[in-house]
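Anchor point for the sequence shown: position 91 equals 91 in the UniProt record's numbering, and the numbering is continuous, going up by one each time. We put the CB at the ideal spot given by N, CA and C, even for glycine. Okay, so here's the structure we're looking at.
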Amino acid sequence: MPTPPTGRILVVDDETELAQLVAEYLRKAGLEVAVRHDGTEAVAAVRDFTPDVLVLDLGLPGIDGIEVCRQVRVFSDCYVLMLTARDDEVDKIVGLSVGADDYVTKPFSPRELVARVQAMLRRARTGGAASAAGSRSAQQALVIGELVVDEDSRQVHLAGEPVALTRIEFDLLLCLAARPQLVLSRRQLVEMVWDTHWTGDEHLVDVHIGRIRKKLGDEAASPRFIHTIRGIGYRMGTGR
Numbered sequence: 001m002p003t004p005p006t007g008r009i010l011v012v013d014d015e016t017e018l019a020q021l022v023a024e025y026l027r028k029a030g031l032e033v034a035v036r037h038d039g040t041e042a043v044a045a046v047r048d049f050t051p052d053v054l055v056l057d058l059g060l061p062g063i064d065g066i067e068v069c070r071q072v073r074v075f076s077d078c079y080v081l082m083l084t085a086r087d088d089e090v091d092k093i094v095g096l097s098v099g100a101d102d103y104v105t106k107p108f109s110p111r112e113l114v115a116r117v118q119a120m121l122r123r124a125r126t127g128g129a130a131s132a133a134g135s136r137s138a139q140q141a142l143v144i145g146e147l148v149v150d151e152d153s154r155q156v157h158l159a160g161e162p163v164a165l166t167r168i169e170f171d172l173l174l175c176l177a178a179r180p181q182l183v184l185s186r187r188q189l190v191e192m193v194w195d196t197h198w199t200g201d202e203h204l205v206d207v208h209i210g211r212i213r214k215k216l217g218d219e220a221a222s223p224r225f226i227h228t229i230r231g232i233g234y235r236m237g238t239g240r
């Protein structure tokens, strides 16, 4: 039996009973948990508690989950799992566009949420996308035109300038860059970056790819780096 992952989890939800229920399930899984109930407290707690995963409700009073996520992304690369009570694609896409890594729609199973959190922690612990690089030399950065992806330092540079990516974005880019010209389906990317047992919406990949493209200045219609292979998935370009 593999050892369950450990880590710090910050749960932020204005529904007190739900927040406490989720926290209790997470603690039973051996995780260290803090709970907050509004957006302002959440931002301060991310600074003080330094969580590995932030479980964040979208519909918070005052500063909502989207604004919390936007502020947190300025100084933290913790994983963000967004909770939404509205089964609406707009909420999901908007939430992910500001730096959330995954989402769960209410009502949800606390056990499912714990499984999602544990999958995130396993990624942080083992570098899930690293396996995509195979037996590549440990210190050999990947170079695609003006783009440099350094797995060891987890840094990306474009034309000599640093590109700030979230953990998920970096792992996705690494998966593609480590397998040049190979087409990877959404399912393959999910299994490499999220988890082999992950059961969420595979179109989550599209949202993250869109964010990577924006940061690389890559146009979907005429990409230099990430090409869409219609009906299949994505592959890395040549950088030209």
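Residue Y79 holds the alpha-carbon nearest to the alpha-carbon of D102 among R123, E112, Y79, F108. Going by DSSP, T84 is part of the beta strand (DSSP E) stretching over 79 to 84.
The continuous beta strand (DSSP E) containing Q155 extends over residues 155 to 158. Nearest C-alpha to G7 among E15, D13, A23, L18: A23. As for any beta strand (DSSP E) of minimum length 3 sitting wholly inside the UniProt domain "OmpR/PhoB-type" (139 to 238), the runs are 142 to 144, 147 to 150, 155 to 158, 161 to 163, 226 to 229, 233 to 236, ordered along the chain.
DSSP places I9 in the uninterrupted beta strand (DSSP E) bounded by 8 to 12. One Cα belongs to A100, the other to D57, and the distance between them is close to 11 angstroms. For L113, the three-state secondary structure derived from DSSP is helix. DSSP places D102 in the strand class (E or B) of the three-state scheme. In the pairwise beta carbon analysis, the region 207 to 219 is classified as touching the region 166 to 180: at least three pairs are separated by under 8 angstroms. When the beta-carbon positions are compared, R36 and A29 stay at least 8 angstroms from each other. In the three-state scheme derived from DSSP, where H, G and I count as helix and E and B as strand, L26 is classed as helix. For R186, the closest of E161, R27, D218, H227 by C-alpha to C-alpha distance is H227. Listed in chain order, the non-local C-beta contacts of E146 below 7 angstroms within the same chain comprise L158, A159, G239, local neighbours out to five positions each way being set aside. Counting other Cβ atoms within 10 Å of its Cβ, F75 stays below 16 and is therefore classed as exposed.
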